[in-house]
Amino acid sequence: MKLSIITINYNNLNGLKQTVASVIQQDYQDFEHLIIDGGSTDGALEFITEHSRNFAYWCSEKDKGIYNAMNKGIKNARGEYLIFLNSGDCLAHEHVLQEIAYQLTNEDIIYGDLIYQLSDGSFQIETYPDHLDISFFMNKSLPHPATFIRKTKLEECPYDEELKIVSDWKFWVQQIVLKQTSYKHIAHPISIFQPGGVSSNLDNCNQERTLVFQQLFPGMVYNTLQTWCEWQTKPLYPIIAKLLNL
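Under full-length UniProt numbering, the first residue of the sequence shown is numbered 1, with each subsequent residue one higher.
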């Protein structure tokens, strides 16, 4: 089964080198690597050109933002499943694609866990639940560097280019919550992620998430969901939930 790895880059030459190295060392062969560069001026273009034999597709041109670049990658990808491994992100080890390929069967979205590389050089594993519902997405999201998505789903619902930070999160809510798209969790790390991008700004994330929630759900429903999710954090919630069989 062909997989597509899409890397978005802009003026992050060192990060791009790390990402490409982690992809090249994979022992699984049926995949392609696409590089979507936003017109870098730090030497990334020269690096991409020099290593172009490793890329099924690449471009280096100004774009209209991260999600415009991601949609370019989707349009040019030929794999059945896609993963976004942006510059600076690395696959966790050389067997990741080999291990994941056997688990890409019927589900449309397959996500694993994520290793965070912190600023002090230490690592922290972020695990994700097997079951996803609206309460999860009220405050969290799936990690796109550790998630494989069936290409047809992204073609049906491309990323909203009007958003600057949470368009991938909007995609999860639309697909998993509203459309009940099939998914599966694989309980081991897929990739290593270095926080620090635009989406790492929690205040900006929360602001855009609130706007998207209000667009996707009527006001009364949104307010009810917000109240319910806040109630889940209360100490008595586990007891009441057990009594009511929630």
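Glycine included, C-beta positions come from ideal geometry on N, C-alpha and C.
Environment of Ala69 [buried if 16+ CB atoms lie within 10 Å]: In this structure Ala69 is buried. Its beta-carbon is surrounded by 16 or more other beta-carbon atoms within 10 angstroms.
Completely contained beta strand (DSSP E) runs for the UniProt domain "Glycosyltransferase 2-like" (4 to 128), where each covers 3 or more residues: 31 to 37, 57 to 60, 81 to 84, 109 to 117, 123 to 126
CA-to-CA distance, Asp108 to Gly79, given in whole angstroms: 13 Å
DSSP three-state assignment for Lys164, whether helix, strand or coil: The three-state secondary structure of Lys164, taken from DSSP, is coil.
Environment of Leu244 [buried if 16+ CB atoms lie within 10 Å]: At Leu244, the pLDDT of 41 sits below 50, so the modelled position is not reliable and the matter cannot be decided from this model.
Residue interval of the alpha helix (DSSP H) (run including Lys151): Counting along the chain, the alpha helix (DSSP H) containing Lys151 begins and ends at 151 to 156.
Same chain, Cβ closer than 6 Å to Lys234, five either side skipped, listed in chain order: Low local confidence applies: a pLDDT of 49 at Lys234 is under 50, so the model's placement there is unreliable, with the coordinate-based value given in what follows. None.
For Pro189, the three-state DSSP class (helix, strand or coil): Correct three-state label for Pro189: strand.
Cβ-based neighbour list, Asp27, same chain, cut-off 7 Å, excluding 5 preceding and 5 following: Excluding positions up to five away in sequence, the list reads Glu94, His95, Gln98.
Reference Asp113; option with closest CA among Pro145, Glu155, Asn106: Pro145
Where Trp231 falls: helix, strand or coil (DSSP): Note that Trp231 has pLDDT 49, beneath the 50 cutoff, so the model's placement of it is unreliable and the number below is only indicative. Three-state DSSP puts Trp231 in a helix.
Identified DSSP bridge partners for Tyr183: Ile109
Of the listed residues Glu46, Ile35, Asp63, nearest to Phe55 (C-alpha basis): Residue Ile35 is the option with its Cα nearest to Phe55.
Cα-Cα separation between Thr181 and Ser191, rounded to whole angstroms: Distance between the alpha carbons of Thr181 and Ser191 is about 23 Å.
Sheet register partners of Thr147 (DSSP bridge): Tyr111
N-terminal and C-terminal residue of the alpha helix (DSSP H) that Ser135 is part of: 134 to 139
Glu46 burial status per 10 Å Cβ neighbour count (16 or more: buried): It is exposed - the Cβ of Glu46 has fewer than 16 other Cβ atoms within 10 Å.
Spatial distance of Ser119 from Asn76 (CA atoms): Take the alpha-carbon of Ser119 and the one of Asn76: they are about 34 Å apart.
Residue 311, DSSP secondary structure in three states: The structure shown does not extend to residue 311, since the chain is modelled only from 1 through 246, so no value can be given for it.
Short Cβ contact (8 Å threshold) for Lys184 with Ile110: yes
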